[in-house]
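Going down the list, the sequences are from chains E and D. Using the working numbering, you'd call the opening residue of the first sequence number 1 and step up by one each time. Using the working numbering, you'd call the opening residue of the second sequence number 1001 and step up by one each time. Written out below as structure tokens is the structure these notes cover.
Number of protein chains: 2
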Amino acid sequence: MRITEFHITPIAITDPPLLNAAGLHAPYALRTVLELVTEDGISGLGEVPGGAESVAGLEAARALVLGRDPFQLNTLSLALKQLFRTDPAEDDLALERRIGRTYSALEVACLDIMGKATDRPVVDLLGGAVRQRVPFAAYLFYKYEGAGGALGFAPDPAASGWAAARQAAALDPAGVVEQARAMCAAFGFQSLKLKGGVFEPALEVETIRALRRAFGPGIPLRIDPNALWKLETAIRWGRELEGLLEYYEDPVRGQAEMAALRRAVPIPLATNMCTTAFADLPGSLRLGAEDIILSDHHSSWGGLRASLELGRICRTFGRGLSMHSNSHLGISLAAMTHLAAAMPNLSYAVDTHYPWQSEEVLTGGRFTFEDGSLAVPSGPGLGIELDRAALAALHANYLACGLTRRDDALEMQKVQPGWKFAATRW
Amino acid sequence: MRITEFHITPIAITDPPLLNAAGLHAPYALRTVLELVTEDGISGLGEVPGGAESVAGLEAARALVLGRDPFQLNTLSLALKQLFRTDPAEDDLALERRIGRTYSALEVACLDIMGKATDRPVVDLLGGAVRQRVPFAAYLFYKYEGAGGALGFAPDPAASGWAAARQAAALDPAGVVEQARAMCAAFGFQSLKLKGGVFEPALEVETIRALRRAFGPGIPLRIDPNALWKLETAIRWGRELEGLLEYYEDPVRGQAEMAALRRAVPIPLATNMCTTAFADLPGSLRLGAEDIILSDHHSSWGGLRASLELGRICRTFGRGLSMHSNSHLGISLAAMTHLAAAMPNLSYAVDTHYPWQSEEVLTGGRFTFEDGSLAVPSGPGLGIELDRAALAALHANYLACGLTRRDDALEMQKVQPGWKFAATRW
């Protein structure tokens, strides 16, 4: 079985004006869809964060992938390393970190093909499902009013239900509580994560308190200040948050500060910023930087099988495991769901931005959550099928929107002239 | 696809009188062959170290395995843990260590079925081969004269070639050099490993020197005293062995002594005794106990997929990787070869006792080495087929020989009355 077609499609998906430590989401989030097709017509899909760099990485791999058997993932990984190695002295783990996103798109598409070729869901190629449904968490954002996309900061008057609520501003605790109520009513999430690092810690902690008052102690809460807090700030507010948080995600920057915080505050610390690739694990363990690693198969962890290997490392060294997310569509969501279903030690509901998106590139439309969880798609491979008209429309968005990379600071400056990113703000 | 048949066959295979730190190999080595068959008649094979305990472990799992889909390895592992957990407080990693052998037999047989069901070699279910041939090392032993089996210490006068040479005594450097020449002539091995811990270190080191003189510096050498040397002995002789050894395997006992030795002697240290399961890895890294981990999919590492996960850990934490062996037949050898072919970071030629065995349970007879390496079997699954008559004959051996567990000390006492195992001898 040989791969004979290789299609890269950059797309732009409507994204509302969500606030975060890096600034503001642009009206469109960029993704890249990869489709590989074998000589016998089996198609495999992958989706990764988008933009010109992502497209260039895949484009560079095209010649290396064509003609290859999709089952040969180990040699694909080695060949990709060889292709992208510019410095013979570059550490192998550093190189893996650099090519993780490109490899991930290729691996997921190959696994999709392997599943279809063997009439098995991808999860079965990962050892099989230990859970039939994967729990996800509500991902709450401070945000400006607006729908994103062509509407920008304007609301879409035709929207209803969550699609209407999604457009509302949420710039204070009451706004976030309303957002959470609407999102949970639509998706049934049973854990809440607040993206922080936007306002003064006192306001963000008050938002957590408001969520606790609104949802009660049965709904786990998390806050993610995206490493914007000083160590003393994180300690001070960490003490206030004891008993309120399921975990405290990246309040401070870097493994050393995370380790110091961990010694000072008894709330479990989670990260997708201080330990983001295998190269970071020796330091993580030496310092004791975190309790929970938020994996991301699209990122420098490098794919589904590598994420399961990370899972083994977490079990071996006593770390919890869950998953981080960026704005994404259903190819990513399907891959995340297959992967999460195969992880014996998935300790927490998985992050997803999916409720913030309104489009889809799959036939049958968008995934439906029940009680905050998704069933593992049961068809062969990822269990999904590309809607080519939808893909073409989102590609047209990409060409039209003029964005080629994510730059949340630039978007923020359009609203707050002179705004600058600060690595440590409070 | 459901597993509907479950056959456990304990066998006894002829083993020559090989000396080692634990005493002397009995005339028969015990193995257990597992065969699973699906409702549609696909058969999968596994082979693990044998004896009554091994049979009992698999017997206990029978009811849990029947009716199961062989692709569901993750739930099989969880169910097995649940079955074997007697103390609810038992650490999960300790439990994994305990059930590793049983799980390994089941996993390999399931992977064999999965490969046949998908018309793919097992290596392709492990990400595909990064090498088409797997290098193995000559495994040299001090030994008494004798063929093992019914002949015991007598030689078989009908034997020729390596089968004749295998019967010769090797109780001094010259004898081991002759053994190595004959084994390499027959198998083409290009690395030599000496099982030590039998004679005084001076004699064993002199044997290494004799091998170097006979084979020259192009053939890597290793010695494995099986943890029988005191730290000061290992340091003293380690200094003599500098420049002679590719690696120094388990000269001393336990991670702390290995770590102390590693600080004192610059030869890479390998282990299959001080770090033998995932539970041992945190201590290994904390202490810096070894440079190379010798995995064993049959053992407490627990199977092929777990061994690849161990491989990822070795890459992440800068450890080398190779494989340990016990007396075994071709089902084990096939599984080892598929696994080794899939390991990107297999740093050394793999151990195997296979030349010391003369029997086989596979149609087509014994595997043929070329230049010390084996081609990955190319058929679906493990690429092997059970010879039922041979299996029956080796099962009859098991019933007749009266052995139910390996006890090298007992065998040694038959030759040297009063011999006692000493955890540290020199």
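Don't be surprised by glycine CBs; every beta carbon is placed ideally from N, CA and C.
Asked: Alpha-carbon spacing of D/R1101 relative to D/N1074, whole angstroms; Found: 16 Å
Asked: Extent of the continuous alpha helix (DSSP H) run through E/G187; Found: Looking at the sequence itself, residue 187 of chain E is Phe, so the reference to Gly does not match. Segment P173 to F187, the alpha helix (DSSP H) holding E/F187.
Asked: Contacts that D/L1073 makes with chain E (C-beta to C-beta distance below 7 Å); Found: G127 and G128
Asked: Contacting residues, own chain, Cβ-Cβ under 8 Å from D/L1125 (five flanking each side not counted); Found: L1111, M1114, G1115 and T1118
Asked: C-alpha distance - E/T207 paired with E/V265, whole-angstrom precision; Found: 20 Å
Asked: Three-state secondary structure assigned by DSSP to D/D1351; Found: strand
Asked: Spatial distance of E/A270 from D/A1022 (CA atoms); Found: 47 Å
Asked: Within chain E, partners of D/F1317 - CB distance below 7 Å; Found: P282
Asked: Burial state of E/P427, where buried means 16 or more other Cβ atoms lie within 10 Å; Found: The first residue shown for chain E is 1 and the last is 426, placing residue 427 of chain E beyond what the model contains.
Asked: E/T363, buried or exposed, once every other Cβ within 10 Å from all chains shown has been counted against 16; Found: exposed
Asked: Proximity winner among D/R1098, D/A1375, D/G1051 and D/A1089, relative to D/P1121 (alpha-carbon distances); Found: D/A1375
Asked: Members of the segment 333-350 of chain E near chain D, C-beta cut-off 7 Å; Found: A342 and P344
Asked: Neighbourhood of D/D1380 by C-beta distance below 7 Å, restricted to the same chain and skipping five residues each side; Found: Looking at the sequence shown, residue 1380 of chain D is not Asp but Pro. If we look at D/P1380 and ignore the five residues flanking it on each side, its Cβ neighbours are G1115, K1116, D1119, R1120 and P1121.
Asked: Partner residues on chain E for D/L1285, Cβ-Cβ distance less than 9 Å; Found: P282, L285, R286 and F317
Asked: Within 9 Å, strictly: CB atoms of E/A349 and E/S327; Found: no
Asked: Cβ distance (whole Å) where D/T1256 is taken to contact D/F1187 below 8 Å; Found: It is Ala, not Thr, that sits at residue 1256 of chain D in the sequence shown. Not quite, the Cβ-Cβ distance comes to about 37 Å (not below 8 Å), so this is no contact.
Asked: Chain-ordered residues of the segment 52-78 of chain E with a beta carbon less than 9 Å from chain D; Found: D69, F71, Q72, L73, N74, T75, L76, S77 and L78
Asked: Pick from E/M412, E/W426, E/E385 and E/K420 that is closest to E/L430, judged by C-alpha positions; Found: Lying outside 1 to 426, the shown extent of chain E, residue 430 of chain E is not represented and no answer is given.
Asked: Identity of the residue in D/L1211, D/R1085 and D/V1198 nearest D/A1227 by Cα; Found: D/V1198
Asked: CB-CB length for D/A1210 against D/A1174, believed under 8 Å; Found: 7 Å
Asked: Interface flag, E/R425 vs chain D, CB-CB below 9 Å; Found: no
Asked: Per DSSP, cross-strand counterpart(s) of E/L221; Found: E/L192
Asked: C-beta neighbour in chain E for D/D1092, strict 9 Å; Found: yes
Asked: Chain E contacts made by the segment 1285-1316 of chain D, where a contact means CB separation under 9 Å; Found: L1285, R1286, R1305, A1306, L1308, E1309, L1310, G1311, R1312, I1313, R1315 and T1316
Asked: Inter-residue Cα distance where the pair is D/P1282 and E/T316; Found: 7 Å
Asked: Coarse secondary structure for E/V134, derived from DSSP in three states; Found: strand
Asked: CA nearest to the CA of D/R1133, picked from D/N1272, D/L1066, D/L1403 and D/A1340; Found: D/A1340
Asked: Cβ-based burial, E/A234 [other Cβ within 10 Å; buried from 16]; Found: buried
Asked: Presumed contact (8 Å Cβ cut-off) between E/A335 and E/L391, rounded CB distance; Found: No, E/A335 and E/L391 are not in contact; Cβ-Cβ is about 17 Å, not under 8 Å.
Asked: Under the three-state DSSP convention, the category D/L1339 falls into; Found: helix
Asked: Residues bridged to D/S1043 [DSSP beta-bridge criterion]; Found: D/V1037
Asked: Neighbour flag for E/R97 against chain D, beta carbons, 9 Å; Found: no
Asked: Cβ distance (whole Å) where D/V1033 is taken to contact D/E1047 below 8 Å; Found: 5 Å
Asked: D/L1287 and D/H1297 closer than 9 Å at C-beta; Found: no
Asked: Distance cut-off 8 Å: D/V1198 Cβ against heavy atoms of the ligand MN; Found: No copy of the ligand MN appears in this structure; indeed no ligand is present at all.
Asked: CA-to-CA distance, D/T1337 to D/V1055, given in whole angstroms; Found: 24 Å
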